[in-house]
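Each remark here refers to the structure printed beneath this line.
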Amino acid sequence: MPSQRKRNSRMIVTSTRRRPVRLLTLLGLLLGVLAPAQAATHPGQAALVREVARDTGKSPVVLNALLDGAKKQQGILDAISRPAEAMPWKDYRPIFLTEKRIDDGIAFYLAHRAMLEQIGRQYGVAPEYLVAIVGVETFYGRNTGKYKVLDALVTLGLYYPPRAAFFRSELKTLLELPDNRLAGPLDTLTGSYAGAQGWGQFMPSSIRDFAVDADGAGRVDLQDSLPDIFASVANYFVQHGWVSGGPVAARAQPDAAAKPITVKDAQPQWPLEQLEAWGYAPLHELDPAQPTSLQTLDGPNGTEYWFTFQNFYVITRYNRSPLYALAVDQLAKAIAAGVQQADAAR
Ligand SMILES: [Ca+2]
Numbered sequence: 169m170p171s172q173r174k175r176n177s178r179m180i181v182t183s184t185r186r187r188p189v190r191l192l193t194l195l196g197l198l199l200g201v202l203a204p205a206q207a208a209t210h211p212g213q214a215a216l217v218r219e220v221a222r223d224t225g226k227s228p229v230v231l232n233a234l235l236d237g238a239k240k241q242q243g244i245l246d247a248i249s250r251p252a253e254a255m256p257w258k259d260y261r262p263i264f265l266t267e268k269r270i271d272d273g274i275a276f277y278l279a280h281r282a283m284l285e286q287i288g289r290q291y292g293v294a295p296e297y298l299v300a301i302v303g304v305e306t307f308y309g310r311n312t313g314k315y316k317v318l319d320a321l322v323t324l325g326l327y328y329p330p331r332a333a334f335f336r337s338e339l340k341t342l343l344e345l346p347d348n349r350l351a352g353p354l355d356t357l358t359g360s361y362a363g364a365q366g367w368g369q370f371m372p373s374s375i376r377d378f379a380v381d382a383d384g385a386g387r388v389d390l391q392d393s394l395p396d397i398f399a400s401v402a403n404y405f406v407q408h409g410w411v412s413g414g415p416v417a418a419r420a421q422p423d424a425a426a427k428p429i430t431v432k433d434a435q436p437q438w439p440l441e442q443l444e445a446w447g448y449a450p451l452h453e454l455d456p457a458q459p460t461s462l463q464t465l466d467g468p469n470g471t472e473y474w475f476t477f478q479n480f481y482v483i484t485r486y487n488r489s490p491l492y493a494l495a496v497d498q499l500a501k502a503i504a505a506g507v508q509q510a511d512a513a514r
């Protein structure tokens, strides 16, 4: 078989030519040091290295070595080119609102309660929302991503024209981050195919702008430090306008003559009483002056209408999808209810 012959010949080559190969590698490294521009492995690498070196004073040799070690991965290009899932709420909700995800969230909350509630008080964000975010993003840290972050951002920033501006900027930010803002050496970091890292799936610019060293160890570690992970999510919320104690979403009941409403994003744009005047009634008492928006979703038992508020909008700053924000809200409420039940049973 051809493949067998190929394997045999490769074995011979590697065993007899080991030394010359190493010498060549050494020579290559030496040439790389003498002429870093010629060492560029990726299109646009030389310009990127020049910019990062200029803006940070980092060594072009070190930057080139990092980028030379990064690989363009076809799997990453395939993953990002898949059509966005335009999934109805009735199919989206069951993915995240599973018994296991709720139970694990309750157990996680109870196991780390003091830390979570301390961070919740400090930032003014109810801790169940912090737990729900990492529950939806990574199943409480279990699936933080298997791709090398450097590969992901090199692939999308240098080989994917449709979103190159965004991902090249994230790649540049990654290279510019001080070592103590990262969970480990840059070439060892793993994350999603889009280069998001840690339990909360932070992009490099979010690490730069919103990540917090909450445990005081002198390093931001969104992979292994629970205080850093939860304080960083809380800080992200606060910096995007989270209202402490404010509502997120509440079911709305339309009357037969309710005015149809479509919104372009989840930003609250009417006082609740305006939506009431248009035929949407809250199921529970709510502040009629509360700035509100409305989501119309395709639920398991027909159309669902939801009043959404400022904090819902903040969750859509984490992920644009209103379905995501509603799933986080419902998971958070289920976790909070479970914790209350556990308390009552004691
Ligand atoms: Ca830390």
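The C-terminal position of the sequence shown is numbered 514 in our numbering, with every residue numbered one higher than the one before it.
No residue lacks a Cβ here, since even glycine has one placed at the ideal position from N, Cα and C.
Bear in mind the structure is a predicted one, so any value in this text is a computation, not a measurement.
| Query | Result |
| --- | --- |
| Three-state secondary structure (DSSP) of Ser461 | strand |
| CA-to-CA distance, Asp246 to Ala275, given in whole angstroms | 36 Å |
| Per-residue burial, Leu451 [other beta carbons within 10 Å of its own, 16 or more giving buried] | exposed |
| Pick from Gly352, Glu472, Gly413 that is closest to Asp423, judged by C-alpha positions | Glu472 |
| Burial state of Glu296, where buried means 16 or more other Cβ atoms lie within 10 Å | buried |
| Best match in Val507, Pro490, Asp511 for proximity to Arg261 [C-alpha to C-alpha] | Pro490 |
| Inside the segment 304-334 only - alpha helix (DSSP H) runs reaching at least 4 residues | 317-326 |
| Cβ separation of Thr323 and Ser373, assumed to be a contact under 8 Å, to the nearest whole Å | About 18 Å; that fails the 8 Å criterion. |
| Residues near Gln391 in its chain [Cβ-Cβ closer than 6 Å; skip 5 each side] | Ala351, Gly366 |
| Cβ-heavy atom distance, Asp381 to ligand 1, below 7 Å | yes |
| C-beta contact flag for Phe405 and Val302 at 8 Å | no |
| Whole-angstrom distance between Asp319 and Pro204, CA atom to CA atom | Note that Pro204 scores a pLDDT of 47, beneath 50, so its modelled location is shaky; the value from the coordinates is reported in the next line. Between Pro204 and Asp319, the C-alpha separation is close to 20 Å. |
| Three CB pairs or more closer than 8 Å across the segment 436-447 and the segment 456-463 | yes |
| Euclidean distance between Cα positions of Pro228 and Val507 | 52 Å |
| Three-state class that DSSP yields for Gly506 in the structure shown | helix |
| Residues bridged to Asp466 (per DSSP) | Thr471 |
| Residues sharing a beta bridge with Tyr448, DSSP | Pro422 |
| Ala510: CB within 7 Å of a non-hydrogen atom of ligand 1 | no |
| Meets three-Cβ-pair contact criterion under 8 Å: the segment 373-387 and the segment 496-505 | no |
| Whole-angstrom C-beta distance between Phe480 and Ala434, which should lie under 8 Å | 6 Å |
| Range covered by the alpha helix (DSSP H) that runs through Arg222 | 213-224 |
| Distance cut-off 7 Å: Arg387 Cβ against heavy atoms of ligand 1 | yes |
| Secondary structure of Phe276, DSSP reduced to three states | helix |
| Contact set for Ala417: own chain, Cβ-Cβ below 8 Å, skip 5 residues either direction | Gln463, Trp474, Phe475, Thr476, Phe477, Phe480, Ala493, Leu494, Asp497 |
| Length of the line joining the Cα atoms of Ala332 and Leu465 | 32 Å |
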